[in-house]
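Those protein sequence lines, which keep their order, are chains A and B.
For the first sequence, full-length UniProt numbering assigns the number 448 to the last residue and increments by one with no breaks.
For the second sequence, full-length UniProt numbering assigns the number 467 to the last residue and increments by one with no breaks.
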Amino acid sequence: MLSRKASKDSHGQDSSYFQGWQEYEKNPYHPIQNPMGIIQMGLAENQLSFDLLESWLRRNSNTMALKKDGVSAFKDLALFQDYHGLPAFKEALVNFMTSMRGNKIKYSSDKLVLTAGATAANEILMFCLTDPGQAFILPTPYYPGFDRDLKWRTGAEIVPMHCSSSNGFRITRCALEQAYQLGQELNLKIKGVLVTNPSNPLGTTMTKTELNHLLDFAIDKNIHIVSDEIYSGTVFDCSSTTGFTSIMEVLNERNNNNYNNIRNHIHMVYSLSKDLGLPGFRVGLIYSNNEKVIAAATKMSSFALVSSQTQFMLSNLLSDAKFIKKYMVENQRRLKRRKDMLVRGLRKAGISCLRSNAGLFCWVDMRHLLSSDSFEAEKELWKRIVCEVGLNISPGSSCHCSQPGWFRICFANISEDALHLAMHRMKVFTSSIFSVRFPIIMMRKKSF
Amino acid sequence: MRLLSRKATCNTHGQDSSYFLGWEEYEKNPYDKVKNPNGIIQMGLAENQLSFDLLESWLAKNPDVSGFKRDGKSIFRELALFQDYHGLPLFKKALVDFMAEIRGNKVTFDPNHMVLTAGATSANETLMFCVAEEGDAFLLPTPYYPGFDRDLKWRTGVEIVPIQCTSSNNFRITESALEQAYQDARKRNLRVKGVLVTNPSNPLGTTLSRNEFDLLVDFIKDKETMHLISDEIYSGTVFSSPSFVSVMEILKEMTPNDAAKIWNRVHVVYSLSKDLGLPGFRVGAIYSENDAVVAAATKMSSFGLVSSQTQYLLAAMLSDNKFTKKYISENQKRLRRRQRMLVTGLQKAGIKCLKSNAGLFCWVDMRHLLCSNTFEAEMELWKKIVYQVGLNISPGSSCHCSEPGWFRVCFANMSQDTLNVAMKRVKNFVTDSTGAECGSSSACFTKSFSNWVFRLSSRDHRAPEER
């Protein structure tokens, strides 16, 4: 009676990523009402800088009253459903993205399509770039939501490109080729590679080496590159070697007219959900030099337009360049501080993290806590951490990581106190594991 | 290997139809009372601009709501983070109450069976994804909203098979037309997954009769995989009798035995774009008693969620029952008045409209102005009306009407003055056309064009005196 899409679990929402969430919903931590509850560390939200936004809104109350220069813009906004988007908003976004990338890339608003969140942007790009049954390569580990966003209604496939801890999960030319081969074996036409840069769940920015590998690969195979840059504003370590580099920057550096073809095959996705912490307002976008993609995506955005009320408010916010500059600097400072707290706290518990410079989470190495080097053991450990330790964190398997024992832990969606408590609980947990294991090690030494 | 998908490069988005082309002509030369009095008047846009003052006055009285405040406290943070695809509970409650109010409280809706989407455009597409496979078909009575060709078919791969309605019985759905459509689909080897009706109808402006409902229910009752989708986005625009009957009311009135057969195959689509005139805010909804549809549609709504900022604002507005009652009744009054103006104005030009009791437009009979009973003649007439008369109206062919000569003319998206100007232009055009020969189409075109230009320029000269 219903479609296959509606009936199957092809939406991918039965993965543990969502199950942990459900456990948390049943027993959520609250400092007063439920201090023993589960602390949510599986939600990549940025809750650190709302005070800055709220203070701006207080100073600019006219914006929320939908007034421009004292005149009500309500009627115009109420009627505004043009899928080309509010021009002032697109201009503001373009300027925002340009300044975020240190003015190294010039964006233009006619190459931008607004969508209700990056979720819609990614799906629309898939509808534009793939026919059902065709595939995109994604480096693992990747955001679990992609299984739904890229595949569910589009019929597209994902071919994983496995990255490993042996080289810090970096993308190599070899791994790209292997993924391509895998696609061929599975009889899937590979249409492109989708990377998240900065990476979710790794929290790292792609190096120029990786970006060049990616470019060479895409040129060689004549395929697309989609660069999901929704965390680009969360880069908190901006030194020249570890700052954010967009793929367009690397292409521009090549300075060669032979690259016009690839220029039309690179598409970027952005959103205000992570940098500004506004997932509820549903603001995403697609950026591309490819006119046909922009034309098709613009029409498809009819199914996911951004509320004009929201476009108006945020165009005013983003146009305040002075404020935005201050916001970005302070936001990044707070993110770095939080990340350092998490890393230190875990270290005290004998746990190390992948060295990261961006994102709202750390990629945490708990391989030494596994009872065996298997995903079953990872699942066991995860259940203990959710139910016994009381922390909802995301197991690497839900992100399609090829190696068991890695977990994503978020640090920007809880209070400082909750983070301290979480670290304390972790320390208690690992101490108890080690105190159990330690006697066994002692015994072994004796028998030698 | 093609670099882009077939969907991106084909024309199935349907946006090359005349419906959109007329829009483009208007954009190039839009009417403005002062700056461009000879420009094209937009009468192809089904927008409700008549009651903004009521909304604005409510907003002025409730500034806290737009300011993200509740009981004096800021809830900005809460809203900024709220991306739950189950929707803001307060908003869903307010929306179902509003929908019940519009239906005279003859039916009630359960907020747990509602899915919020970014507009009815998104709701309709999502429903297609839920109830049909690529290559399946839905039957739609003609004439229908041109946007359906994109919304229902483009990315879903679903086909539309028309149920041909005719003027002989005021475009009502008949049993034979339904059967014929079903057979047409079978001949094309298409599996029919259901019927989609717009009630009140766009472009007809009429509400479905109980007789038509009986036919539809009988049609799907024993076909266990068939759905009935009722797009009720104009339900709040019913301004005269017969009063609006929702498909949910029909379900409620059925015997338990009959209802049991179809209750989980009937779905409603709603939106605030027409009744409240807020298309820019992107608020749509799917309502269904079928839990599986609600579950799947809820997850799919991730691809088109309503901004939490907007949900909050409208939750407050729609929860103000005193306000909504007053709004609904005043809005309907104004729509009725406007429709009368259009009908009377056209009557003076010897043009009749289909008798209507709802909507933001009239379905206008211009068959007698056609040079021949063909769609080519309809296109000619349409071009004359757009370029010479200066009115962007929608030709029936863009709505897949089976008979040439019908046009949809909107009345709620412009000022009263502008409507008067439009009516004058129509009267002049008809007066001038009567007596003109319909031999060569280009002769028709040139003669009436030069007359119109001449008349306009002399009118311009007189304009200050006429005021």
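Beta carbons are placed, not taken as given, at the ideal position from N, Cα and C, and that holds for glycine.
Just to check my reading of the structure: residue i and residue j have Cβ atoms closer than 8 Å, yes? What is that Cβ distance to the nearest angstrom?
i, j, result
"residue 220(B)", "residue 195(B)", "7 Å"
"residue 80(A)", "residue 280(B)", "4 Å"
"residue 199(B)", "residue 354(B)", "Actually they do not touch by this definition, with Cβ atoms about 15 Å apart."
"residue 127(A)", "residue 5(B)", "6 Å"
"residue 426(B)", "residue 349(B)", "5 Å"
"residue 48(A)", "residue 334(A)", "4 Å"
"residue 334(B)", "residue 55(B)", "That pair is no contact at about 13 Å."
What are the residues that DSSP puts in a beta bridge with residue i?
i, result
"residue 196(B)", "229(B)"
"residue 408(B)", "363(B), 394(B)"
"residue 406(A)", "365(A)"
"residue 469(B)", "The structure shown does not extend to residue 469(B), since chain B is modelled only from 1 to 467, so the question has no answer here."
"residue 432(B)", "Answer is none; residue 432(B) lacks a bridge partner."
"residue 139(B)", "161(B), 195(B)"
"residue 104(B)", "Residue 104(B) is not bridged to any residue."
"residue 42(B)", "392(B)"
"residue 284(A)", "115(A), 271(A)"
"residue 353(A)", "364(A)"
Cα separation between residue i and residue j?
i, j, result
"residue 207(B)", "residue 362(A)", "58 Å"
"residue 179(B)", "residue 122(B)", "29 Å"
"residue 435(A)", "residue 142(A)", "34 Å"
"residue 417(B)", "residue 342(B)", "12 Å"
"residue 181(A)", "residue 300(A)", "32 Å"
"residue 146(B)", "residue 188(B)", "22 Å"
"residue 360(A)", "residue 122(A)", "20 Å"
"residue 230(B)", "residue 303(B)", "22 Å"
"residue 398(B)", "residue 332(B)", "28 Å"
"residue 432(A)", "residue 408(A)", "22 Å"
"residue 415(B)", "residue 432(B)", "26 Å"
"residue 284(A)", "residue 310(A)", "12 Å"
"residue 388(A)", "residue 286(A)", "42 Å"
"residue 120(A)", "residue 346(B)", "44 Å"
"residue 105(A)", "residue 346(A)", "38 Å"
"residue 366(B)", "residue 351(B)", "6 Å"
"residue 277(A)", "residue 234(A)", "10 Å"
"residue 21(A)", "residue 36(A)", "17 Å"
"residue 356(A)", "residue 108(A)", "31 Å"
"residue 266(B)", "residue 305(A)", "27 Å"
"residue 414(A)", "residue 114(B)", "31 Å"
"residue 268(B)", "residue 286(B)", "6 Å"
"residue 107(B)", "residue 124(A)", "37 Å"
"residue 230(A)", "residue 394(B)", "42 Å"
"residue 92(B)", "residue 111(B)", "5 Å"
"residue 60(B)", "residue 320(B)", "14 Å"
"residue 2(A)", "residue 135(A)", "26 Å"
"residue 340(A)", "residue 328(B)", "56 Å"
"residue 209(A)", "residue 337(A)", "28 Å"
"residue 33(A)", "residue 380(A)", "29 Å"
Within the continuous beta strand (DSSP E) that includes residue i, where are the two ends?
i, result
"residue 101(A)", "No beta strand (DSSP E) holds residue 101(A); DSSP gives it neither H nor E."
"residue 192(A)", "190-196"
"residue 160(A)", "157-162"
"residue 285(B)", "284-288"
"residue 166(A)", "Here residue 166(A) belongs to no beta strand (DSSP E), and DSSP marks it neither H nor E."
"residue 139(A)", "135-140"
Span of the alpha helix (DSSP H) holding residue i?
i, result
"residue 126(A)", "117-129"
"residue 327(B)", "321-348"
"residue 313(A)", "308-319"
"residue 300(B)", "291-300"
"residue 121(B)", "120-131"
"residue 147(A)", "146-149"
"residue 250(B)", "247-253"
"residue 228(A)", "Taken as a continuous stretch (DSSP letters only), residue 228(A) belongs to no alpha helix (DSSP H), being part of the beta strand (DSSP E) at 224-228."
"residue 389(A)", "Where residue 389(A) is concerned, there is no enclosing alpha helix (DSSP H), given that its DSSP letter is neither H nor E."
Quick test of the definition: if touching needs 3 or more C-beta pairs under 8 Å, does the segment 280-295 of chain B touch the segment 371-382 of chain B? No, because fewer than three Cβ pairs between the segment 280-295 of chain B and the segment 371-382 of chain B fall closer than 8 Å, the two stretches do not touch.
Would the segment 305-317 of chain B count as touching the segment 381-401 of chain B if we require 3 or more Cβ pairs under 8 Å? Segments in contact, no.
Mind the definition here: the segment 362-381 of chain A touches the segment 324-331 of chain A only if three or more C-beta pairs lie below 8 Å; say whether that holds. Not touching, per the Cβ criterion.
Inspect the CB distances between the segment 223-237 of chain A and the segment 368-388 of chain A and report whether three or more fall short of 8 Å. Counting C-beta pairs with one atom in each stretch, the segment 223-237 of chain A and the segment 368-388 of chain A have fewer than three that are closer than 8 Å, which means they do not touch.
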